[in-house]
Every structure is written in C-alpha cells, then in structure tokens.
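2 protein chains.
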Amino acid sequence: MKVLYIYAHQEPTSFNAALKDTALSALQEKGHEVKGSDLYAMRFKAVLDAEDFPVRKKPEVFKPFLEAIHASKTGAFSSDIKAEMEKVEWADLLIFQFPVYFSSMPAIMKGWIDRVFAPGFAFNPITQSAYETGLLKGKVAMLVATTGASEEWYSKGGAHGDLRELLKCITHCVFEYAGMETLPSHIIYEVSSQSREKGVWELERYRQNLSGL
Amino acid sequence: MKVLYIYAHQEPTSFNAALKDTALSALQEKGHEVKGSDLYAMRFKAVLDAEDFPVRKKPEVFKPFLEAIHASKTGAFSSDIKAEMEKVEWADLLIFQFPVYFSSMPAIMKGWIDRVFAPGFAFNPITQSAYETGLLKGKVAMLVATTGASEEWYSKGGAHGDLRELLKCITHCVFEYAGMETLPSHIIYEVSSQSREKGVWELERYRQNLSGL
C-alpha cells in the first residue's frame, strides 16, 4: 500500500515524534511505501490566501472558491500545494497525526486541509462531487490524535464531550466528504502526564494497530 | 460594552467584509466601544511554535504547554500574542466572524485561538481552571459564520450534520471551556449563491441581532 503520513508536532524529541517514527518503521517493515509531510519541519504555510493562486481568474477581487475551481482545471496552484496534491493522488492511505488543540486540529494541520483539499481537487459542489461521489473516492484516511485531557473528560457526558463525536468535523466533514473511507481514529489520552512505561506500551499498541492494516 | 471583533476573510469587497462593516457600525451606533483584529490584514501568524516564547523555560526541548504556562506567569509571550491578550482582557464581548471551511474555522482563526487562548491565560488544567472556573469567566462570546453549503446539508440528518452541533468544537470546547458565556451563533447559509436582495436582507438581520445586545 502507498501511505502518506501527514504529521504535526514541533518537537523531534516529543512523544508525538516517537509515535510518528514508530509508524514509519512499522509501515515500512510491512512492505508499504511511505511518503511524509512533516508540517512544522516543512514550515508549511497554514493560511489560505491569494498567494496560493499565482495565475488568477479574477485578479481584481479574491474569491477563494472560484480561484480553487479554476486552478484545479489549469493546475495553477502554488508549488507547495501542488506538491502535497501529488502525494495525495499517489497515496492509497492517508494518516493524519497531531496533538489535539481545543478538541480539534492544530492550525497548521487545518491549513493543510483548507489549502490542499481544495474544491475541484477533493470535492466539487458544482459537479455534485461529495461523499459517495467525492473526488478522493477509493482512498482511505485515518486520524491519530493525542490529548492532554483525560478519557473521562472526552467521553459522552464528560466535560468536553465524546472526542470521537467532536472529531467528526474531520472524519465525516473532511474525509468522508471527499469520498474517502475512514478507519477508526487511534486516540491516546492524557499523554502529557503519562509514565514512561505507559508511553512504551502506547507505542507498541500503535505499532500493532498499523501492522493490522 | 467593550467589544473585540475577531474577523477572518481575505477580501475587503466580500460579503463577509460587508457583514463586518455592518457590525462595527451597528455596535458603535449603540454606543459600544469596539476594537478589531482583522486577521488576514494583520497577516496574523497562525502557527504555534517556539517563536511564540522568546524567553524559554526549557530551551533544549520545546514543550508548548509548559512554555505557555511559564509565559503566562512571566509575560514572556511574543508581542503579537500579548497584543491580542490585552484586547481580550479589555473586552466584555468577543465576536468571531469567519466563513466556514470544512465545517469549522479557517486555519488563521484556529491559530488565533491556539496561540492567544493559551494555558495560563484562558484556562489552566494545573489549577483546575476550566468551564465554571475558566480564566475568561465574566466575558461573553459569539460566533458569526457564513457557509457555502445549504441549511439542509447543515441540518440534523443532512449530509454534513447539524452545524450548531459541529460548532460545539468552538462554542463549548473553546468558549465555555475558557469560562465564557456563549450567545447563539449567527449563521448565514449558502452565501456564495445568494442574490443581492438576500444579501441586503441578511445584513439587516445581522444589524438587528447586534442591536439587541
């Protein structure tokens, strides 16, 4: 399988980095081909703006939707977006790994989705390409998320509410919207206060999950 | 009342800009004091990284939570974060206006929340300051959101699901988490295909909503 690993953590010695390294080696051991997007290391531009569209359809007024639809026909996205789109096209499986910030993605990961999953590339309301007819149909996506808060806080009836429900903003409204099948999210709660032993155990649990793909 | 208006749209001639201008004049007419944060115009930095903490507690390894807690005691946040925190402290009401990207905020707005609503400033797990004891208690927050998709798509049982449920990632997990009271979100559906008359009517509906505050 061809796997694109989209990863968002700032620190190479973090538990998130260890998770990512565990994943890359587990996937390669199983014979999968892997490409990565290490968003902070790439200094990936998070903000969707006019610079994303070097050849504008309407130079006098910036309409993001219109420019994205236009660029998806002409290929005139900025080079950093095109590079990510090529990796998405190549991949069978997309894994998104990040620490949960306010029950959702960090801005740099949201920016990757805002800019790379452009209308005309991932979905298209004009041609009614969404969900069953989403433009990334045939691909599979998976979230891997770590939290600071406890599983109790993130459960139904807990203070924040069920994290898997909250993550539907991504699993349903991004992945399924673009036509992708979504694997169960791999969640590791309360990582900031976990013991070294628990951390080692979680790396092994993640390795086993990926080995079963 | 003191109102901080946090706004995210790239284009000064957009419907979103007209909404923002309508709001600012309606609020000023009613005698409120208003400060604004026009995120794209400010080229607001969306990405939380080590540059946010010019005086590090642990220079050898970047732990965002630890550095934010430290900076909230010493004041050593980067100047752009401090400027926004001062506006938040000043304000009684915070209004966040943005076009919905993938059922949620654009990355630039998420980045404002990730960076400005730092642990130690908006909430603090160490002192159990969250929800009823959140650090922004006494303030009120409100979302103003425009969508491309229809109200039917964003209703319970619709393709995306109930937008007000999806926005709980913000209204509950950000605003209420920080201790703020949340006003009902003001939502305008399907703006990209609305007629000029509908647009004028929506501006008036928004003006009346704000006049009632």
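Sequence order for the protein chains is A and B. If you use my numbering, the first sequence corresponds to residues 3 to 215, in order. If you use my numbering, the second sequence corresponds to residues 3 to 215, in order. Built from N, CA and C at the ideal position, the CB exists for glycine as well. Just so we're clear, the structure is a prediction, and the values are computed from it rather than from any experiment.
Where A/VAL36 falls: helix, strand or coil (DSSP): Strand.
Sheet register partners of A/SER106 (DSSP bridge): Per the DSSP secondary-structure output, A/SER106 pairs in a beta bridge with A/TYR103.
Proximal residues to A/LEU95 (C-beta, below 6 Å), its chain only, five neighbours per side dropped: Correct list, in chain order: MET3, VAL5, VAL142.
Neighbour flag for B/VAL49 against chain A, beta carbons, 8 Å: Closer than 8 Å: yes.
Pick from A/ASP40, A/ALA161, A/LEU169 that is closest to A/MET144, judged by C-alpha positions: If we check each option's Cα against that of A/MET144, A/LEU169 comes out closest.
Short Cβ contact (8 Å threshold) for A/TYR156 with A/TYR103: The beta carbons of A/TYR156 and A/TYR103 sit no closer together than 8 Å.
C-beta atoms of B/SER106 and A/PHE67 nearer than 8 Å: Cβ distance not < 8 Å, so B/SER106 and A/PHE67 don't count as in contact.
Meets three-Cβ-pair contact criterion under 8 Å: the segment 32 to 44 of chain A and the segment 121 to 128 of chain A: The answer is no - the segment 121 to 128 of chain A does not touch the segment 32 to 44 of chain A, with fewer than three Cβ pairs under 8 Å.
From A/ALA93, A/HIS188, A/PHE79, residue whose alpha carbon lies closest to that of A/ALA52: It is A/PHE79 whose Cα lies nearest to the Cα of A/ALA52.
C-alpha gap between B/CYS175 and B/PRO108, whole angstroms: Each residue's alpha carbon lies about 17 Å from the other.
Close Cβ partners of B/ASP164 (< 8 Å) along its chain, the five nearest in sequence each way excluded: Listed in chain order, the non-local C-beta contacts of B/ASP164 below 8 Å within the same chain comprise TYR156, SER157, LYS158, local neighbours out to five positions each way being set aside.
Unbroken alpha helix (DSSP H) run spanning B/LYS4, endpoints: Counting along the chain, B/LYS4 falls outside any alpha helix (DSSP H), though it belongs to the beta strand (DSSP E) covering 4 to 9.
Interface partners of A/ALA78 on chain B, CB under 9 Å: Under a criterion of Cβ atoms nearer than 9 Å, no residue of chain B is adjacent to A/ALA78; the nearest Cβ is some 17 Å distant.
Beta strand (DSSP E) runs wholly inside the segment 117 to 148 of chain B, at least 3 long, in chain order: The DSSP assignment places complete beta strand (DSSP E) segments of no fewer than 3 residues inside the segment 117 to 148 of chain B at 142 to 148, in order along the chain.
Residue of B/LEU205, B/SER27, B/PHE100, B/LYS84 minimising C-alpha distance to B/GLY122: Residue B/LYS84 holds the alpha-carbon nearest to the alpha-carbon of B/GLY122 among B/LEU205, B/SER27, B/PHE100, B/LYS84.
Length-filtered (4 minimum) alpha helix (DSSP H) runs lying within the segment 147 to 190 of chain A: Taking 4 residues as the minimum length, the alpha helix (DSSP H) runs contained wholly in the segment 147 to 190 of chain A are 165 to 168, in order along the chain.
CB contact below 8 Å: B/HIS162 versus chain A: Closer than 8 Å: yes.
Proximity below 8 Å, CB of A/SER74 to CB of A/ALA120: Yes, these two residues count as a Cβ contact at 8 Å.
Check whether B/LYS112 and A/LYS112 have beta carbons under 8 Å apart: Closer than 8 Å, so yes.
Cβ of B/VAL176 within 8 Å of any chain A Cβ: At least one chain A Cβ lies under 8 Å of B/VAL176.
Residue range of the unbroken alpha helix (DSSP H) whose run includes A/TYR208: For A/TYR208, the enclosing alpha helix (DSSP H) covers residues 198 to 213.
Interface residues of chain A facing B/ILE115 [CB-CB closer than 7 Å]: Result: PHE104.
Chain A contact residues for B/GLY150, given Cβ-Cβ distances below 9 Å: Proximity of chain A to B/GLY150 at the Cβ level (cut-off 9 Å) is accounted for by PHE67, PRO121, PRO127, in chain order.
Spatial distance of B/MET87 from B/ALA180 (CA atoms): Between B/MET87 and B/ALA180, the C-alpha separation is close to 13 Å.
Span of the alpha helix (DSSP H), counted from its first residue to its last, around A/PHE17: A/PHE17 -> alpha helix (DSSP H) spans 17 to 31.
7 Å CB neighbourhood of B/ASP1 in its chain, flanking five on each side removed: The requested residue 1 of chain B is not part of the displayed model; chain B covers only 3 to 215.
Chain B within 8 Å of A/GLN12, Cβ atoms only: With 8 Å as the cut-off, A/GLN12 counts as an interface residue toward chain B.
Residue of B/LEU215, B/VAL202, B/VAL57, B/GLY214 minimising C-alpha distance to B/SER16: Ranked by Cα distance from B/SER16, the first of B/LEU215, B/VAL202, B/VAL57, B/GLY214 is B/VAL202.
Whole-Å CB distance - B/LYS32 paired with B/SER213, under 8 Å assumed: That belief holds up - the Cβ atoms of B/LYS32 and B/SER213 are roughly 6 Å apart, short of 8 Å.
Segment limits, alpha helix (DSSP H) that includes B/SER80: Element bounds for B/SER80: n/a, residue is neither H nor E.
Below-8 Å beta-carbon distance, B/THR184 vs any chain D residue: Absent here is chain D; the protein component of the structure consists of chains A and B.
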